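For reference, the structure discussed in these notes is given below.
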Amino acid sequence: MPLRALCLLLCCRRGFSLLGRDYGDAEKAEELQELQKEQIKSASSDLSLTQSLAPDTSNRPKEIPEEMKSLIKEKIKSKAATGVDKGIIMQGYWNITVFGRKHRYELYTKHLNQCIQWACAIQNVISCKAPVETPTLLLIQDIEENYTNSEVLEHIYKWNPILQHTQKPLYAPLLPFRYGLVCHHFKNTKGYTTVQDEAVKVFNSLQQLETERDPIPLIQGVLQTCLDLEPLRDEIYCQLIKQTSNPPHAGNVSDLRNWQLLTCMSVTFLPSTTVLKYLRFHIKRSQDQFPETEIDKYAEFIKNSLEKTKCRDCVPSCEEILVLIQREEMSCNIHYAGSKFCRVTINSHTTAGEVVNSLLVKLGLEQSRNQFALFERNMTEQQLVTNNTIVADIITRFENLAASMDEPENQWKLCFKLHCFLDSDNVPKNNLEFTLLFEQVHEMVTKGYFPASEETLQTLAALRLQFTIRDFATHVPLPRFQELFSVHVLRARVQQSVKVLLSTNNKGRSHFLPEALTNSIWGSTIHKQKLEEEQLLKVRLKEEAAASMAMIIEQWKQLQGMTQLEAMATYFSIVREWSGFGATLFEVGAFMNSAVNMAQTLWLAVGAKGVALYKQGDAESVESFDYQQISSFEATDRNTFKITLSKKDLLFESCKVQEIAQLMKIYSASHVRTRARAGDHRTRPITTGSLANSHHRILYRDSSTEETLTLWSI
Numbered sequence: 012m013p014l015r016a017l018c019l020l021l022c023c024r025r026g027f028s029l030l031g032r033d034y035g036d037a038e039k040a041e042e043l044q045e046l047q048k049e050q051i052k053s054a055s056s057d058l059s060l061t062q063s064l065a066p067d068t069s070n071r072p073k074e075i076p077e078e079m080k081s082l083i084k085e086k087i088k089s090k091a092a093t094g095v096d097k098g099i100i101m102q103g104y105w106n107i108t109v110f111g112r113k114h115r116y117e118l119y120t121k122h123l124n125q126c127i128q129w130a131c132a133i134q135n136v137i138s139c140k141a142p143v144e145t146p147t148l149l150l151i152q153d154i155e156e157n158y159t160n161s162e163v164l165e166h167i168y169k170w171n172p173i174l175q176h177t178q179k180p181l182y183a184p185l186l187p188f189r190y191g192l193v194c195h196h197f198k199n200t201k202g203y204t205t206v207q208d209e210a211v212k213v214f215n216s217l218q219q220l221e222t223e224r225d226p227i228p229l230i231q232g233v234l235q236t237c238l239d240l241e242p243l244r245d246e247i248y249c250q251l252i253k254q255t256s257n258p259p260h261a262g263n264v265s266d267l268r269n270w271q272l273l274t275c276m277s278v279t280f281l282p283s284t285t286v287l288k289y290l291r292f293h294i295k296r297s298q299d300q301f302p303e304t305e306i307d308k309y310a311e312f313i314k315n316s317l318e319k320t321k322c323r324d325c326v327p328s329c330e331e332i333l334v335l336i337q338r339e340e341m342s343c344n345i346h347y348a349g350s351k352f353c354r355v356t357i358n359s360h361t362t363a364g365e366v367v368n369s370l371l372v373k374l375g376l377e378q379s380r381n382q383f384a385l386f387e388r389n390m391t392e393q394q395l396v397t398n399n400t401i402v403a404d405i406i407t408r409f410e411n412l413a414a415s416m417d418e419p420e421n422q423w424k425l426c427f428k429l430h431c432f433l434d435s436d437n438v439p440k441n442n443l444e445f446t447l448l449f450e451q452v453h454e455m456v457t458k459g460y461f462p463a464s465e466e467t468l469q470t471l472a473a474l475r476l477q478f479t480i481r482d483f484a485t486h487v488p489l490p491r492f493q494e495l496f497s498v499h500v501l502r503a504r505v506q507q508s509v510k511v512l513l514s515t516n517n518k519g520r521s522h523f524l525p526e527a528l529t530n531s532i533w534g535s536t537i538h539k540q541k542l543e544e545e546q547l548l549k550v551r552l553k554e555e556a557a558a559s560m561a562m563i564i565e566q567w568k569q570l571q572g573m574t575q576l577e578a579m580a581t582y583f584s585i586v587r588e589w590s591g592f593g594a595t596l597f598e599v600g601a602f603m604n605s606a607v608n609m610a611q612t613l614w615l616a617v618g619a620k621g622v623a624l625y626k627q628g629d630a631e632s633v634e635s636f637d638y639q640q641i642s643s644f645e646a647t648d649r650n651t652f653k654i655t656l657s658k659k660d661l662l663f664e665s666c667k668v669q670e671i672a673q674l675m676k677i678y679s680a681s682h683v684r685t686r687a688r689a690g691d692h693r694t695r696p697i698t699t700g701s702l703a704n705s706h707h708r709i710l711y712r713d714s715s716t717e718e719t720l721t722l723w724s725i
């Protein structure tokens with residue numbers, strides 16, 4: 012196809028007319044409606060440029076298809092294409108795809124240069140044309156211009172069926188799109204095609220929703236599609252406005268299904284400014300038409316939601332959709348202090364910070380100097396929930412995880428815990444806060460974050476039993492061993508002894524067997540030796556855990572008569588002896604660049620007084636810095652954290668850099684306020700940075716000694 016002819020083909024005038032836009036007499040309106048029927052008829056016909064691809068170019072379409080009048084985007088495939096068009100396989104051709112509102116057109120050429128020229132010419136034509144405006148979009152503009160004139164507005168609705176409820180299918184989107192395939196990620200993982208095709212599919216779902224017995228799965232599916240494909244959100248809002256405008260049976264079950272979906276949409280994401288104004292007008296019009304009805308109540312709920320909604324990370328859960336269609340709030344369980352929990356009432360806009368504040372009042376902790384937060388956790392993992400996180404999003408995520416989880420006992424839950432130990436010395440011992448502090452300290456002990464001998468850990472486990480069960484008694488169900496004692500400490504000792512034992516056995520075998528036979532039996536059986544080590548470790552761990560549990564019970568018997576409060580106080584008196592008490596520990600992998608040349612694991616301890624580095628299992632810190640010594644700190648990327656001192660920088664890699672940064676921000680701000688109250692004018696705020704380039708090698712360098720420590724995460 013010659014380049015000039017192609018450009019002329021694309022420069023054709025816009026091919027649609029606005030029905031009833033001139034608000035003329037009935038004859039003109041009927042003519043325009045007839046034109047619309049012809050357009051719909053042509054849309055269902057099979058249009059292609061197959062003939063223009065053959066060597067003989069004489070057989071070309073004699074008429075310009077209506078669809079070619081609204082082409083708005085081109086797509087280039089920069090490699091040889093293999094396409095199928097009406098049974099003809101186009102191999103070895105360069106291809107351009109031009110998308111229309113209802114169809115797409117494939118242009119082929121054997122020459123790359125010609126393909127690029129065509130693409131540039133098509134794009135220039137598109138760029139020079141005025142933005143595409145669909146009839147619905149123009150009518151929305153007319154409604155906005157005449158919203159105070161009720162007579163004109165009713166005339167617009169009367170003569171433009173496109174604005175009203177229909178039981179017929181939709182052949183093209185109501186709003187214009189930038190046409191083309193959706194991003195490859197969603198195309199490959201969820202099977203989406205073009206955005207305009209998805210818009211038509213969703214409208215079919217809306218019509219199906221009107222007669223659906225259980226609307227929740229279909230509502231959730233529509234919401235997920237809109238969350239994945241952002242350009243669809245305005246379109247689906249307009250489709251729902253259309254289907255709730257002048258329905259044949261206002262207020263019946265079919266009509267309310269659309270209002271219920273619109274309710275769920277309004278709490279999940281907002282439309283653009285233009286569509287939002289149109290939606291607010293539609294809500295007011297519906298309330299005026301149907302006062303004190305279910306429609307009026309849904310409209311009021313949607314109006315209030317639009318004032319609070321921010322874009323959600325997840326679509327509403329089944330539980331949330333169920334309460335939304337009933338215009339109610341939902342409740343969720345927040346766990347605290349071990350096995351305790353309380354139910355809190357939330358809605359689709361409630362944040363984690365709001366839940367924390369309500370719990371502080373409910374549990375009588377509003378006067379505490381320490382700071383609390385919500386955490387997501389299961390039996391093995393835990394992560395902080397930031398204050399601005401929507402709690403309903405977390406519930407949806409838990410629902411999705413539970414559906415794919417093989418271990419029901421390892422389900423995720425929300426926990427209310429101490430986040431910052433700003434004042435752990437003055438907590439009243441007869442207060443709930445003291446119990447929360449005790450639970451958190453015990454959790455750190457069982458995770459192995461308390462460097463102590465096994466004898467000390469057994470004493471702490473006995474005190475824990477005295478707190479939870481009171482005095483020793485037979486036939487009382489005991490907690491699991493890992494809930495009392497640090498399995499990490501036990502495993503490290505047993506693992507070392509197993510390696511020594513196997514090493515001795517292997518040496519003995521090598522001593523008595525010929526070298527060739529030893530190599531054939533043992534040298535090529537590394538995998539077998541590893542399995543043997545794992546089996547022996549499992550047996551020895553079970554034996555050592557049973558022996559350790561017996562010693563814990565013996566110590567527990569000696570605590571006869573000790574009260575719960577005394578058990579907690581004694582527990583604290585032991586743990587407080589460690590300098591890292593009250594700090595939150597983060598594991599970082601370390602490789603010492605020294606003569607020892609050993610891989611080690613460090614703990615980064617962030618506390619109220621400063622920051623410290625510990626070798627795992629050591630009671631004394633390698634280095635420590637109070638906040639007065641720290642000039643700045645920042646998360647330089649997702650996995651890298653930097654602390655700047657006067658003469659050196661500390662760079663760490665961790666998967667929890669944001670949590671480290673948030674903790675240090677709270678602690679340093681508290682430090683500044685405390686010193687300011689004390690009248691220290693030397694106090695200056697510590698600056699925090701933002702995300703920067705990633706580091707492939709993480710270094711901690713001391714400029715005074717030129718000592719370098721290479722760190723990277725475990």
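Sequential numbering of the sequence shown, starting at 12, is according to this note's numbering.
We put the beta carbon where it would ideally sit given N, CA and C, even for glycine.
Computed from a prediction, not measured in an experiment: that's the story for all the values here.
Short Cβ contact (9 angstroms threshold) for residue i with residue j
{"i": "F214", "j": "Q250", "result": "yes"}
{"i": "S497", "j": "K549", "result": "no"}
{"i": "A580", "j": "K676", "result": "no"}
{"i": "Q477", "j": "A578", "result": "yes"}
{"i": "S590", "j": "A623", "result": "yes"}
{"i": "V599", "j": "L576", "result": "no"}
{"i": "N399", "j": "D434", "result": "no"}
{"i": "I306", "j": "S316", "result": "no"}
{"i": "F432", "j": "A594", "result": "yes"}
{"i": "L234", "j": "P187", "result": "no"}
Reference residue i; option with closest CA among the options
{"i": "Y347", "options": "K424, V402 and E305", "result": "K424"}
{"i": "G103", "options": "F110, V109, H122 and E117", "result": "H122"}
{"i": "E331", "options": "T279, N368 and I294", "result": "T279"}
{"i": "E645", "options": "R475, L624, N160 and S679", "result": "S679"}
{"i": "T651", "options": "N269, S665, I151 and T485", "result": "S665"}
{"i": "V355", "options": "A363, W270, T304 and I345", "result": "I345"}
{"i": "E223", "options": "V136, V264 and T304", "result": "V264"}
{"i": "D648", "options": "E634, I671, Q640 and T407", "result": "I671"}
Assigned exposure category for residue i - 16 Cβ within 10 Å defines buried
{"i": "H453", "result": "buried"}
{"i": "A310", "result": "buried"}
{"i": "S359", "result": "buried"}
{"i": "T515", "result": "exposed"}
{"i": "C343", "result": "buried"}
{"i": "D436", "result": "exposed"}
{"i": "R244", "result": "buried"}
{"i": "L512", "result": "exposed"}
{"i": "R475", "result": "buried"}
Boundaries of the beta strand (DSSP E) in which residue i is found, first to last residue
{"i": "G364", "result": "Not the beta strand (DSSP E): G364 falls in the alpha helix (DSSP H), residues A363 to K373."}
{"i": "N344", "result": "M341 to Y347"}
{"i": "G621", "result": "G621 to K626"}
{"i": "V396", "result": "Q393 to V396"}
{"i": "T647", "result": "I641 to D648"}
{"i": "K169", "result": "Per DSSP, K169 belongs to no beta strand (DSSP E); it is in the alpha helix (DSSP H), S161 to W170."}
{"i": "K653", "result": "T651 to L656"}
{"i": "E117", "result": "R115 to T120"}
Cross-strand partners of residue i (DSSP beta bridge)
{"i": "M276", "result": "Answer by DSSP bridge pairing: none, since M276 is not bridged."}
{"i": "T356", "result": "S342"}
{"i": "D434", "result": "Answer by DSSP bridge pairing: none, since D434 is not bridged."}
{"i": "L385", "result": "V396 and F427"}
{"i": "L615", "result": "F597 and L624"}
{"i": "K351", "result": "Y347"}
{"i": "I634", "result": "One detail in the question is off: residue 634 reads as Glu in this sequence, not Ile. L624, per the DSSP bridge assignment."}
Enclosing alpha helix (DSSP H) for residue i [first to last residue]
{"i": "E664", "result": "Premise fails: E664 lies in the beta strand (DSSP E), K659 to E664, not in any alpha helix (DSSP H)."}
{"i": "R684", "result": "V668 to R688"}
{"i": "C325", "result": "That residue, C325, is in no alpha helix (DSSP H); it is neither H nor E in DSSP."}
{"i": "K415", "result": "In the sequence as presented, Lys is not what sits at residue 415; that position holds Ser. First-last for S415: undefined, no H or E at that position."}
{"i": "I133", "result": "L123 to C139"}
{"i": "R491", "result": "Taken as a continuous stretch (DSSP letters only), R491 belongs to no alpha helix (DSSP H), as it is neither H nor E."}
{"i": "R244", "result": "L243 to Q254"}
{"i": "L290", "result": "T284 to Q300"}
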